[in-house]
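Numbering (mature numbering (1 follows the signal peptide of the UniProt record, and there is no 0)) for the sequence shown: -23 to -1, 1 to 130.
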Amino acid sequence: MMRAGALTFFVFLPSAFVDGMDALAVKQACKFAKEHALKNGPIILEMDTYRYHGHSMSDPGSTYRTRDEISGVRQERDPIERIRKLILSHELATEKELKDIEKEFRKEVDEAIAQAKESSMPDPSELFTNVHVAGFGVEVFGADRKEVRAVLP
C-alpha cells in the first residue's frame, strides 16, 4: 500500500505562515490563498494559534503551562476580543449592540447543538464520504476503504 509520507508532491506546495489569532490576518491570507488556488493550484496556510484547553480529558493543559500564561494569552491575543476592541475603538458598534449579536450567536449555536443531538448517527458506510481528493494515488492516508470495511459492521 502506498503511504502519503512516501509521496513527493507535498514538498512542492507553496505555503504561508499566518497569525491565526489575528482575524484580519486570517481573512487576508484566505483571500490570497483562494486567488492563488484558483490561478495556480493548492497552497498550504499554517495558522499559528493558541489552545486554551488541553488535548483531551487526560490532558488538562495545566501541567506544562501556568494559568497566568493562558489568561495572559486570552487577554492579549484572543481573536474575538481583539475584534471586539477594534469595533468599539472605531465606534462601529456599541457594547450593547455587540452583546445583542453575541446573544443571537449563542441562540443559533444552542439550536444547532440541539438539532445535532436529536439527529441519528450516519451510517458507517459514510465514514470516508467527501474526505479526500481522488487522483493522487492515496484515497485516505493510512487506510483504505477495504481495510475499514473489514473492521466496521
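By construction, the Cβ of each residue, glycine as well, lies at the ideal position given by its N, Cα and C atoms.
Cα-Cα separation between Gly49 and Leu63, rounded to whole angstroms
The residue given as residue 49 occupies position 72 in the sequence shown. The residue given as residue 63 occupies position 86 in the sequence shown. Distance between the alpha carbons of Gly49 and Leu63: 19 Å.
In chain order, what residues of the same chain have a beta carbon less than 8 Å from the beta carbon of Asp55, not counting five sequence neighbours either side?
The residue labelled residue 55 in the question sits at position 78 within the sequence shown. Closer than 8 Å at the Cβ level, and outside the excluded window around Asp55, lie Met(-3).
Beta bridge counterpart(s) of Met98 as assigned by DSSP:
In the sequence shown, the residue the question calls residue 98 occupies position 121. Paired residues: none, contrary to the question.
Glu12 vs Ser(-9) beta-carbon contact at 9 Å
As a position in the sequence shown, residue 12 is number 35, starting the count at 1. As a position in the sequence shown, residue -9 is number 15, starting the count at 1. Contact: no.
According to DSSP, is Phe105 helix, strand or coil?
Walking along the sequence shown from the start, residue 105 turns up at place 128. Coil, per DSSP.
Val86, buried or exposed, once every other Cβ within 10 Å from all chains shown has been counted against 16
Walking along the sequence shown from the start, residue 86 turns up at place 109. Exposed, since its Cβ has fewer than 16 Cβ neighbours within 10 Å.
Just how far apart, CA to CA, sit Glu53 and Pro101?
Numbered from 1 along the sequence shown, position 76 holds the residue referred to as residue 53. Numbered from 1 along the sequence shown, position 124 holds the residue referred to as residue 101. The straight-line gap from Cα to Cα measures roughly 43 Å.
Ala89 classed as buried or exposed, judged by whether at least 16 other C-beta atoms fall within 10 angstroms
Counting from 1 along the sequence shown, the entry for residue 89 is found at position 112. Ala89 should be labelled exposed.
What does Gly77 pair with, by DSSP beta-bridge criteria?
For the purposes of this step, residue 77 is identified with residue 100 of the sequence shown, where counting begins at 1. Going by the sequence as given, residue 77 is Asp instead of Gly. Note: Asp77 sits in no beta bridge, so no partner.
Is it right to say Ala6 is buried, meaning 16 or more other beta carbons lie within 10 angstroms of its own, or is it exposed?
Position 29 of the sequence shown, counting from 1, holds the residue named residue 6. The residue in question, Ala6, is buried, as its Cβ has 16 or more Cβ neighbours within 10 Å.
If we ignore side chains and look at the alpha-carbon of each, how far apart do Phe(-7) and Lys16 end up?
Reading the sequence shown from its first residue, position 17 is the one you call residue -7. Reading the sequence shown from its first residue, position 39 is the one you call residue 16. Taking the straight line from one Cα to the other gives about 20 Å.
Neighbourhood of Asp25 by C-beta distance below 8 Å, restricted to the same chain and skipping five residues each side
Residue mapping note: residue 25 aligns to position 48 of the sequence shown, counting from 1. Within the same chain, Asp25 has close Cβ partners Phe(-7), Val(-6), Asp(-5), Gly(-4) and Met(-3).
In three-state DSSP terms, what is Glu23?
The residue you call residue 23 lines up with position 46 of the sequence shown. Note: Glu23 maps to strand in three-state DSSP.
Kindly indicate which residue of Ile47, Glu95, Arg61 and Leu69 has the alpha-carbon position closest to the one of Tyr27.
Here residue 27 refers to the residue found at position 50 of the sequence shown. Of the listed residues, the one whose Cα sits closest to Tyr27 is Ile47.
Which of helix, strand or coil does DSSP assign to Asp(-2)?
Here residue -2 refers to the residue found at position 22 of the sequence shown. In the structure shown, Asp(-2) sits in coil (DSSP, three-state: anything other than H, G, I, E or B).
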